[in-house]
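Engineer:
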Amino acid sequence: MLDLNNKSLLITGGTGSFGKAFTKIVLERWPNIKRLVIFSRDEQKQFQMAQDYPASQYPMIRFFIGDVRDYDRVRRALKGIDYVIHAAAMKHVPIAEYNPMECIKTNIIGAENIINACLESDVQKVVALSTDKAAAPINLYGATKLASDKLFIAANNIRGYNPITFSVVRYGNVMGSNGSVIPFFMKKKQEGVLPITDPEMTRFNISLTEGVEMVLHALDTAWGGELFVPKIPSYRITEVASAIGPDCEHTIVGIRPGEKIHEEMITSSDSFSTYDLGKYYAILPQVPKWNTEEFIAHFNARKVAPGFRYNSGENTEWLSVEDLRKLIKEHVDSDFQA
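To convert, take the position in the sequence shown, counting from 1, and add 10; that gives our numbering.
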């Protein structure tokens with residue numbers, strides 16, 4: 011059972027939507043956490059978040075300005091840290107397409123810096139956040155996150171006698187997160203027109219709370235090298251529009267550069283090393299540093315069928331318009347009225 015009391019934890023990109031949700035849940039669940047370091051490069055977001063966690067009430071929280079591109083700063087931030095959650099990334103697909111080297115520096119070089127700095131410190135466990143766009147990527151953002159995933163998984167092979175473990179969690183669109191479609195549609199609703207990229211488009215959906223729980227699950231159970239994927243529902247973009255603006259005009263504007271009609275979290279090529287753990291799938295490393303049979307027995311894992319893939323358009327669980335309205339009210343805006 012995971013216990014973060016008396017432990018020190020650092021989260022990169024800690025002032026983002028995930029970081030704020032993670033911080034809230036961790037402090038509620040483990041009030042005696044020794045130290046929680048919020049590492050990010052946006053001073054304004056750090057200032058704003060610090061207003062919610064004044065030092066007089068939350069002496070365990072440290073706000074640490076830094077960029078994952080800066081190895082020396084990362085290494086300094088990791089002094090005395092037990093666990094690391096790597097959430098920092100450049101995530102906007104069109105912006106990454108237009109500024110490719112900036113995306114590479116943050117998502118790939120930044121990942122390498124985290125790995126090397128952790129190996130040179132006393133960090134015990136690292137969990138890196140991935141994205142559905144990293145599976146069979148067609149855009150630069152997805153390609154950089156796939157490279158990042160591979161780096162974190164391979165880091166288990168170079169740790170030597172260091173007991174540190176690295177694992178990855180991959181999930182779909184986070185409901186209500188910055189830049190996601192739901193807040194975008196809610197803003198556009200005021201104009202009476204909702205722009206639909208493609209009427210066939212589908213996406214996976216996960217709440218911030220579910221994303222946090224998945225990271226905590228990986229932190230608690232990972233043996234090192236697993237890539238965890240949650241079993242979550244899909245939605246159709248047209249039904250999101252109907253849930254938010256049923257009386258709005260829905261205009262088709264076309265797919266943006268680098269977008270897919272459907273997202274995929276497990277490809278058919280991954281099926282040969284993918285196991286069903288019940289609530290989650292796990293893509294195991296090609297050459298694990300532990301006995302696979304022991305892993306299967308410990309988690310009662312079942313290997314998926316050859317050729318299996320996990321695709322938002324082929325999912326067996328779907329959110330209806332009413333489901334979406336309920337979730338928006340619960341997770342995004344308590345005052346929401348369609």
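Glycine is no exception: its CB is placed at the ideal position from the N, C-alpha and C atoms. Source: prediction; values computed, not measured.
Between which two residues does the beta strand (DSSP E) carrying F49 extend?
Structural biologist: Reading the sequence shown from its first residue, position 39 is the one you call residue 49. Where F49 is concerned, the enclosing beta strand (DSSP E) stretches over 45-50.
Engineer: So is F123 buried or exposed if we call it buried at 16+ other beta carbons inside 10 Å?
Structural biologist: Start at 1 with the first residue of the sequence shown, and residue 123 comes out as number 113. The sequence shown places Asn at residue 123, rather than the Phe named in the question. Classification for N123: buried.
Engineer: Take the Cβ of S140 as the centre, count every other Cβ of all protein chains shown within 10 Å, and call the residue buried at 16 or more, exposed below.
Structural biologist: Locating residue 140 in the sequence shown gives position 130, where the first residue counts as 1. The residue in question, S140, is buried, as its Cβ has 16 or more Cβ neighbours within 10 Å.
Engineer: When the distance is taken between beta carbons, is R85 closer than 8 Å to S131?
Structural biologist: The residue labelled residue 131 in the question sits at position 121 within the sequence shown. The residue labelled residue 85 in the question sits at position 75 within the sequence shown. Closer than 8 Å, so yes.
Engineer: From G170 to F214, what does the alpha carbon distance come to, in whole angstroms?
Structural biologist: By 1-based counting over the sequence shown, the position of residue 170 is 160. By 1-based counting over the sequence shown, the position of residue 214 is 204. Cα to Cα, G170 sits roughly 37 Å from F214.
Engineer: Using 8 Å as the threshold, is the C-beta distance between L204 and A251 below it?
Structural biologist: The residue labelled residue 204 in the question sits at position 194 within the sequence shown. The residue labelled residue 251 in the question sits at position 241 within the sequence shown. Cβ atoms of L204 and A251: closer than 8 Å.
Engineer: Considering only residues of the same chain and omitting the five flanking positions on each side of G268, which have a CB-CB separation below 6 Å?
Structural biologist: Along the sequence shown, read from residue 1 onward, the residue named residue 268 stands at position 258. Same-chain partners within the cutoff: V103, E107, N149.
Engineer: When burial is assigned at 16 or more other CB atoms within 10 Å of the CB, is V179 buried or exposed?
Structural biologist: Mapped onto the sequence shown, residue 179 falls at position 169. Answer is buried; the Cβ neighbour count reaches 16.
Engineer: Looking at F74: is its Cβ nearer than 8 Å to the Cβ of V36?
Structural biologist: Position 64 of the sequence shown, counting from 1, holds the residue named residue 74. Position 26 of the sequence shown, counting from 1, holds the residue named residue 36. Against a cut-off of 8 Å, the Cβ pair of V36 and F74 comes out as no contact.
Engineer: The alpha helix (DSSP H) with F73 in it runs from where to where?
Structural biologist: Position 63 of the sequence shown, counting from 1, holds the residue named residue 73. No alpha helix (DSSP H) contains F73, which is instead part of the beta strand (DSSP E) from 71-75.
Engineer: Going by DSSP, which residues form a beta bridge with W40?
Structural biologist: As a first step, residue 40 must be located in the sequence shown, where it is residue number 30. Partner(s): none; W40 has no beta bridge.
Engineer: Determine the DSSP secondary structure at Y81, reduced to helix, strand or coil.
Structural biologist: As a working mapping, residue 81 is identified with position 71 in the sequence shown. Residue state, collapsed to three classes: helix.
Engineer: With which residues is L20 paired in a DSSP beta bridge?
Structural biologist: For this step, residue 20 is matched to residue 10 along the sequence shown. In DSSP, L20 forms a bridge with V47, V94.
Engineer: With a cut-off of 8 Å, does the C-beta of A157 fall near any C-beta of chain C?
Structural biologist: Among the protein chains of the structure shown there is no chain C, as only one such chain exists.
Engineer: Does the distance from the CB of A146 to the CB of T33 come in under 8 Å?
Structural biologist: Taking the sequence shown and counting its residues from 1, one reaches residue 146 at position 136. Taking the sequence shown and counting its residues from 1, one reaches residue 33 at position 23. Their beta carbons are not under 8 Å apart, which means A146 does not touch T33 by this criterion.
Engineer: Which residues in the same chain have their Cβ closer than 6 Å to the Cβ of D230, if we skip the five residues on either side of it in sequence?
Structural biologist: Translated into positions along the sequence shown, residue 230 becomes position 220. Same-chain partners within the cutoff: L12.
Engineer: When you compare only the Cα positions, how much space is there between R312 and G288?
Structural biologist: Taking the first residue of the sequence shown as position 1, residue 312 is located at position 302. Taking the first residue of the sequence shown as position 1, residue 288 is located at position 278. Whole-angstrom Cα-Cα distance: 9 Å.
Engineer: Using the three-state DSSP reduction, which class does N215 fall into: helix, strand or coil?
Structural biologist: One-based indexing of the sequence shown puts residue 215 at position 205. Of the three classes helix, strand and coil, the one that applies to N215 here is strand, per DSSP.
Engineer: Do you know offhand how far A292's Cα is from E201's?
Structural biologist: What you label residue 292 is simply residue 282 of the sequence shown in a count that begins at 1. What you label residue 201 is simply residue 191 of the sequence shown in a count that begins at 1. For A292 and E201, the distance between alpha carbons rounds to 43 Å.
Engineer: Please say whether P295 and N166 have beta carbons closer to each other than 8 Å?
Structural biologist: On the sequence shown, residue 166 is found 156 positions in, with the first residue counted as 1. On the sequence shown, residue 295 is found 285 positions in, with the first residue counted as 1. Yes, the Cβ-Cβ distance between N166 and P295 is below 8 Å.
Engineer: Going by the CB atoms, is the gap between M275 and G182 shorter than 8 Å?
Structural biologist: Residue numbering aside, residue 182 sits at position 172 when the sequence shown is read from its first letter. Residue numbering aside, residue 275 sits at position 265 when the sequence shown is read from its first letter. Against a cut-off of 8 Å, the Cβ pair of M275 and G182 comes out as a contact.
Engineer: What does the Cβ neighbour count give for R266, buried or exposed, with the cut at 16 atoms within 10 Å?
Structural biologist: Position 256 of the sequence shown holds residue 266. Exposed, by the Cβ-count rule.
Engineer: Name the two residues that bound the continuous alpha helix (DSSP H) containing L156.
Structural biologist: Stepping through the sequence shown from its first residue, residue 156 is reached at position 146. Where L156 is concerned, the enclosing alpha helix (DSSP H) stretches over 150-164.
Engineer: Short check: CB of L237 to CB of I306, under 8 Å?
Structural biologist: Counted from its first residue, the sequence shown places residue 237 at position 227. Counted from its first residue, the sequence shown places residue 306 at position 296. Result no, Cβ atoms of L237 and I306 do not sit closer than 8 Å.
Engineer: Could you please give the first and the last residue of the uninterrupted alpha helix (DSSP H) stretch that includes P193?
Structural biologist: Along the sequence shown, one-based indexing puts residue 193 at 183. 191-198 is the span of the alpha helix (DSSP H), which, as asked, contains P193.
Engineer: Threshold first: 3 residues or longer. Then list the beta strand (DSSP E) segments lying entirely within the segment 220-265, N to C.
Structural biologist: DSSP runs (the beta strand (DSSP E)) wholly in the segment 220-265: 237-240, 244-246, 259-262.
Engineer: Give the C-beta separation of I206 and V137 to the nearest angstrom, bearing in mind that I take them to be a contact with Cβ-Cβ under 8 Å.
Structural biologist: Walking along the sequence shown from the start, residue 206 turns up at place 196. Walking along the sequence shown from the start, residue 137 turns up at place 127. Contact doesn't hold; Cβ gap of about 35 Å is too wide.
Engineer: Where in the segment 107-153 do unbroken runs of the beta strand (DSSP E), each at least 3 residues long, occur, reported from the N-terminal end onward?
Structural biologist: Complete beta strand (DSSP E) runs here, min 3: 135-139.
Engineer: Whose C-alpha, out of S190, L20, S344, is nearest the C-alpha of L88?
Structural biologist: In the sequence shown, residue 88 corresponds to position 78, counting from 1. The shortest C-alpha separation from L88 is found at L20.
Engineer: What residues in its chain sit with their C-beta under 7 Å from that of H272, if we drop five residues either side in the sequence?
Structural biologist: By 1-based counting over the sequence shown, the position of residue 272 is 262. So the qualifying residues of the chain are T212, N321, S322, G323.
Engineer: Please state whether DSSP places R362 in a helix, a strand or coil.
Structural biologist: The question about residue 362 has no answer here: the residues shown for the chain are numbered 11 through 348.
Engineer: Tell me whether P240 is buried or exposed, calling it buried when 16 or more other Cβ atoms sit within 10 Å of its Cβ.
Structural biologist: Residue numbering aside, residue 240 sits at position 230 when the sequence shown is read from its first letter. Per the 10 Å Cβ criterion, buried.
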